[in-house]
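Trainee: Positions 12 to 596 (my numbering) are the ones given, in order, by the sequence shown. Think of the CB as a built atom: it goes at the ideal place given N, C-alpha and C, for glycine as much as any other residue. Sending over a structure as structure tokens; questions will come in a sec.
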Amino acid sequence: MNPATAFARVLVDELVRGGVTDAVVAPGSRSAPVALALADAETAGRLRLHVRIDERTAAFLALGLAKAAGRPVPVLTTSGTATAHLHAAVLEAHESGVPVLALTADRPPELRATGANQTIDQVGLYGGAVRWALDVGVPEPGREAAQNRYWRSVVAKALLVARGALSGDPGPVHLNLALREPLMPDDGGERPAPLSGDLAGRPDGAAWTTSAGDGTRSAPLTGGEPAGGGRTLLVAGDAPSAVGRAAAVVADQRGWPVLAEPSSGAWGASGAVRGPALLLGAADWLAAHRPDRVVVVGRPTLSRPVNALLGDPSVTVETYGPSPRWADPGRGSSVVGSAQLDPGLALRDPGPRGSGEWAGQWAEAARLVGAAVDAELDDVPGRGLTAARLARDLVATLPAGALLVLGSSTPVRDVDRLAVPRPGVTVLANRGVAGIDGTISTAVGAALAHQGAGGGPAFALMGDLTFLHDLTGLLPGAGEPRPDLTVVVPDNDGGGIFAQLEPGQPQYAASYRRVFGTPHGRDLVAVARSLGWAATAVSDPTQLVAALGAGGPRVVVVRTDAAAEAALATRLRTAAVTALGQVGA
Numbered sequence: 012m013n014p015a016t017a018f019a020r021v022l023v024d025e026l027v028r029g030g031v032t033d034a035v036v037a038p039g040s041r042s043a044p045v046a047l048a049l050a051d052a053e054t055a056g057r058l059r060l061h062v063r064i065d066e067r068t069a070a071f072l073a074l075g076l077a078k079a080a081g082r083p084v085p086v087l088t089t090s091g092t093a094t095a096h097l098h099a100a101v102l103e104a105h106e107s108g109v110p111v112l113a114l115t116a117d118r119p120p121e122l123r124a125t126g127a128n129q130t131i132d133q134v135g136l137y138g139g140a141v142r143w144a145l146d147v148g149v150p151e152p153g154r155e156a157a158q159n160r161y162w163r164s165v166v167a168k169a170l171l172v173a174r175g176a177l178s179g180d181p182g183p184v185h186l187n188l189a190l191r192e193p194l195m196p197d198d199g200g201e202r203p204a205p206l207s208g209d210l211a212g213r214p215d216g217a218a219w220t221t222s223a224g225d226g227t228r229s230a231p232l233t234g235g236e237p238a239g240g241g242r243t244l245l246v247a248g249d250a251p252s253a254v255g256r257a258a259a260v261v262a263d264q265r266g267w268p269v270l271a272e273p274s275s276g277a278w279g280a281s282g283a284v285r286g287p288a289l290l291l292g293a294a295d296w297l298a299a300h301r302p303d304r305v306v307v308v309g310r311p312t313l314s315r316p317v318n319a320l321l322g323d324p325s326v327t328v329e330t331y332g333p334s335p336r337w338a339d340p341g342r343g344s345s346v347v348g349s350a351q352l353d354p355g356l357a358l359r360d361p362g363p364r365g366s367g368e369w370a371g372q373w374a375e376a377a378r379l380v381g382a383a384v385d386a387e388l389d390d391v392p393g394r395g396l397t398a399a400r401l402a403r404d405l406v407a408t409l410p411a412g413a414l415l416v417l418g419s420s421t422p423v424r425d426v427d428r429l430a431v432p433r434p435g436v437t438v439l440a441n442r443g444v445a446g447i448d449g450t451i452s453t454a455v456g457a458a459l460a461h462q463g464a465g466g467g468p469a470f471a472l473m474g475d476l477t478f479l480h481d482l483t484g485l486l487p488g489a490g491e492p493r494p495d496l497t498v499v500v501p502d503n504d505g506g507g508i509f510a511q512l513e514p515g516q517p518q519y520a521a522s523y524r525r526v527f528g529t530p531h532g533r534d535l536v537a538v539a540r541s542l543g544w545a546a547t548a549v550s551d552p553t554q555l556v557a558a559l560g561a562g563g564p565r566v567v568v569v570r571t572d573a574a575a576e577a578a579l580a581t582r583l584r585t586a587a588v589t590a591l592g593q594v595g596a
């Protein structure tokens, strides 16, 4: 067989041996040998192949698959600008610690920097956003045995690095694949035989290189309680689900209140507090109930009041990251460590407990705030279903075992502020760099992985601009698998989060709607239907429940009003402060 075909088949064979079960391909010419090898592997039942026409969509699909499955997923592109379209998903994978393999086909060296068609400088394209990058080199004829060892060791290393097996720091890896013509196989289209001889892998299907250990370090959080009486709070930011669940075990063993972001994995903690941003936003109540110590696990990304607490010099902050990199938004961490927690260790050695009376005050405060919030959300006569109520009601309606993917901007914040934390539901979000791009594709990939592992139905909540930004995510090719996914879209005809994050300036009102709101004026139900998805608009809670129970793939649109939502957000904050006035110091 020709060198490009030999390389591609060895590459794919070693990916499968290393644990890859899903791969994503965007079409192209230069990448043809690897694309065909992946298709052959699917035919042989060795992996599942996903094909997308848009490279950005393909990359976020791979991100969703890898995020939900917890194992590396390769995404393959042709050369040129196609490779640039992976960058946003690579950045998200970098900050979120998701093992995505960017496989970019490239021209051989003699065609680089010559003005050859579809050629850019792809070496080091993603900079510091990848854990490792390699320009693999052009396959050559007559050197199969030596090249086979090299190719297989490269693939094995890429998978180990992506998984964080040696560093505890999973993330994206970039392999740049220079290929010379001929690019098409020369074996007459016959089904390829298993690789043997100079191209054989390890016996019994083993990977070329494995890790003696996974490189993780346990952090049982056994530090002594501060002298102030055991007022310790757990803040669980965005993190791999297993890390958040382990942190929840520790917190429950110690009796700590838990402020858990929806995508932290710690929503199942018995001490999980509803509406943490609203609690911390009540200055007088917080002054009387301030923790002495805050243990941070993961990366807090949603709440300014949480970040303000972490920057309070009177609070001892201990930070445990899911990788050697850790978040320190308040730059106040006095201790840092690894969050690769061992729940069994926490059970065997529960350590000192926190103050039960103080934790009870946090629970009571959360109950009062929740009641006030619910009263405000339910008292919207004549306005139908608001985006804020949608976030609360959607989470409450989810069946056990469901997957929920949250878009950035307002939806994830509404869920964080207003929803009742739900154990038994998996929540994911792209909080690495918190962009709105690729969210539909991420949800599709996560749903396919979730349901492939026996999980329940999947749902996604995202704003209208987030939805429109990734319409190609609604376009799987003919014959591609389609998950049971319901995409719920609060549609306020543009972006509304800026009105909530920054104080309005009346002198800019004329320009605000155009340059921040960016109204689109589109019927999103019609848009979804034009792309082959079932779609419906709902306007009240009863219709919402019926639509969520109809199954996917489906798009559910809820028409809302940005100005009304901003006003409602203000009323919710006021209601929380008023409710907390009932709690004595």
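1. For G309 and A413, I'd like the C-alpha separation in whole angstroms.
2. Could you tell me how far apart the beta carbons of E329 and S314 are, in whole angstroms, since I believe they sit closer than 8 angstroms?
3. Among residues of its own chain, excluding the 5 on either side of T68, which ones have a beta-carbon nearer than 6 angstroms to its beta-carbon?
4. Where in the segment 427-465 do unbroken runs of the beta strand (DSSP E), each at least 3 residues long, occur, reported from the N-terminal end onward?
5. Out of curiosity, what's the CA-to-CA distance linking V438 and A402?
6. So if DSSP puts L414 in a beta bridge, which residue, or which two residues, is it bridged to?
7. Pop quiz: G505 and P530 are said to be a contact at Cβ under 8 angstroms. What is the actual Cβ separation, rounded to whole angstroms?
8. Okay, do the segment 118-127 and the segment 73-88 touch, 3+ Cβ pairs below 8 angstroms being the bar?
9. With DSSP run on the structure shown, which of helix, strand or coil describes K369?
10. In whole angstroms, what is the alpha-carbon distance linking A587 and L379?
11. By how many angstroms is the C-alpha of A546 removed from the C-alpha of S178?
12. Check the C-beta distance from A277 over to A247 and give it rounded, since I have them as a contact under 8 angstroms.
13. Can you give me the Cβ contacts of N159 inside the same chain, cut-off strictly under 7 angstroms, excluding the 5 residues immediately before and after it?
14. Assuming V147 contacts L186 (C-beta within less than 8 angstroms), just tell me the rounded distance between them.
15. Ends of the beta strand (DSSP E) at V536?
16. Does DSSP classify A283 as helix, strand or coil?
17. If you follow the alpha helix (DSSP H) that P316 is in, where does it begin and where does it stop?
18. Any contact of the segment 101-120 with the segment 137-144, i.e. 3+ C-beta pairs under 8 angstroms?
19. DSSP three-state call for N187: helix, strand or coil?
20. Using only the alpha-carbon positions, how far apart do G286 and V431 sit?
21. Applying the 10 Å Cβ sphere with the 16-neighbour rule, what's the burial state of A127?
22. Return the Cβ separation of L58 and V27 in integer angstroms, given the expectation that the two are a contact with Cβ distance under 8 angstroms.
23. Considering only C-alpha positions, which residue in the set L388, G563, G446, R336 is nearest to A575?
24. Determine the DSSP secondary structure at E236, reduced to helix, strand or coil.
25. What does the Cβ neighbour count give for A43, buried or exposed, with the cut at 16 atoms within 10 Å?
26. Express the C-alpha separation of Q462 and V31 in angstroms, rounding to a whole number.
27. Using DSSP's beta-bridge definition, name the partner residues of A247.
28. Around the Cβ of R433, are there at least 16 other Cβ atoms within 10 angstroms (buried) or fewer (exposed)?
Mentor: Let's see:
1. Position 298 of the sequence shown, counted from the start, is the residue given in the question as residue 309. Position 402 of the sequence shown, counted from the start, is the residue given in the question as residue 413. Straight-line Cα distance between these residues: approximately 23 angstroms.
2. The count along the sequence shown starts at 1 and reaches residue 329 at position 318. The count along the sequence shown starts at 1 and reaches residue 314 at position 303. About 19 angstroms separates the Cβ atoms of E329 and S314, ruling out a contact at the 8 angstroms cut-off.
3. Position 57 of the sequence shown, counted from the start, is the residue given in the question as residue 68. The answer, listed in chain order, is S452, T483, G484.
4. Counting only unbroken stretches of 3 or more residues, the beta strand (DSSP E) elements lying wholly within the segment 427-465 are 437-440, in sequence order.
5. As a first step, residue 438 is located in the sequence shown; it is residue number 427 there, counting from the start. As a first step, residue 402 is located in the sequence shown; it is residue number 391 there, counting from the start. Roughly 13 angstroms between the two C-alpha positions.
6. As a working mapping, residue 414 is identified with position 403 in the sequence shown. Partner(s): T437, A469.
7. Your numbering for residue 505 matches position 494 in the sequence shown. Your numbering for residue 530 matches position 519 in the sequence shown. Rounded, the Cβ-Cβ distance is 4 angstroms, consistent with contact.
8. Remark: fewer than three beta-carbon pairs, one from each stretch, lie closer than 8 angstroms, so the segment 118-127 and the segment 73-88 are not flagged as touching.
9. Taking the sequence shown and counting its residues from 1, the one referred to as residue 369 is at position 358. Per the sequence shown, residue 369 should be read as Trp rather than Lys. DSSP places W369 in helix when its eight states are reduced to three.
10. Here the question's residue 587 lines up with position 576 in the sequence shown. Here the question's residue 379 lines up with position 368 in the sequence shown. If you take the alpha carbons of A587 and L379, they lie about 8 angstroms apart.
11. Along the sequence shown, one-based indexing puts residue 178 at 167. Along the sequence shown, one-based indexing puts residue 546 at 535. Their backbone Cα atoms lie some 45 angstroms apart in a straight line.
12. For this step, residue 277 is matched to residue 266 along the sequence shown. For this step, residue 247 is matched to residue 236 along the sequence shown. Beta-carbon to beta-carbon, A277 and A247 are separated by about 4 angstroms, close enough to satisfy the 8 angstroms threshold.
13. Taking the first residue of the sequence shown as 1, we reach residue 159 at position 148. Answer for N159: V21, D209, L210, listed in chain order.
14. Taking the first residue of the sequence shown as position 1, residue 147 is located at position 136. Taking the first residue of the sequence shown as position 1, residue 186 is located at position 175. Between V147 and L186 a beta carbon distance of about 6 angstroms is seen, short of the 8 angstroms cut, so the two are scored as contacting.
15. Translated into the one-based positions of the sequence shown, residue 536 becomes position 525. Per DSSP, V536 belongs to no beta strand (DSSP E); it is in the alpha helix (DSSP H), 535-541.
16. If you number the sequence shown from 1, residue 283 lands on position 272. Correct three-state label for A283: strand.
17. Locating residue 316 in the sequence shown gives position 305, where the first residue counts as 1. For P316, the enclosing alpha helix (DSSP H) has its first and last residue at 315-321.
18. Between the segment 101-120 and the segment 137-144 there are three or more C-beta pairs closer than 8 angstroms, enough to call the two in contact.
19. Looking up residue 187 in the sequence shown gives position 176. Looking at N187 - three-state DSSP - the assignment turns out to be strand.
20. The residue given as residue 286 occupies position 275 in the sequence shown. The residue given as residue 431 occupies position 420 in the sequence shown. Approximately 8 angstroms between the Cα atoms of the pair.
21. Translated into the one-based positions of the sequence shown, residue 127 becomes position 116. Flag for A127 reads exposed.
22. Sequence index remark: in the sequence shown, residue 58 carries index 47 (1-based). Sequence index remark: in the sequence shown, residue 27 carries index 16 (1-based). Right, their Cβ atoms sit about 6 angstroms apart.
23. Working through the sequence shown from its first residue, we reach residue 575 at position 564. Of the candidates L388, G563, G446, R336, the one whose C-alpha sits nearest the C-alpha of A575 is L388.
24. Along the sequence shown, one-based indexing puts residue 236 at 225. Low confidence applies to E236: its pLDDT is 48, below 50, so where it sits in the model is not reliable, and the reading given next is rough at best. E236 falls in the coil class under three-state DSSP.
25. Mapped onto the sequence shown, residue 43 falls at position 32. By the C-beta density criterion, A43 is buried, having at least 16 other C-beta atoms within 10 angstroms.
26. As a position in the sequence shown, residue 31 is number 20, starting the count at 1. As a position in the sequence shown, residue 462 is number 451, starting the count at 1. Between the alpha carbons of V31 and Q462 lies a gap of roughly 17 angstroms.
27. Here residue 247 refers to the residue found at position 236 when the sequence shown is read from its first residue. Answer is A271, V308.
28. The residue labelled residue 433 in the question sits at position 422 within the sequence shown. Here R433 is buried: its Cβ has 16 or more other Cβ atoms, across all protein chains shown, within 10 Å.
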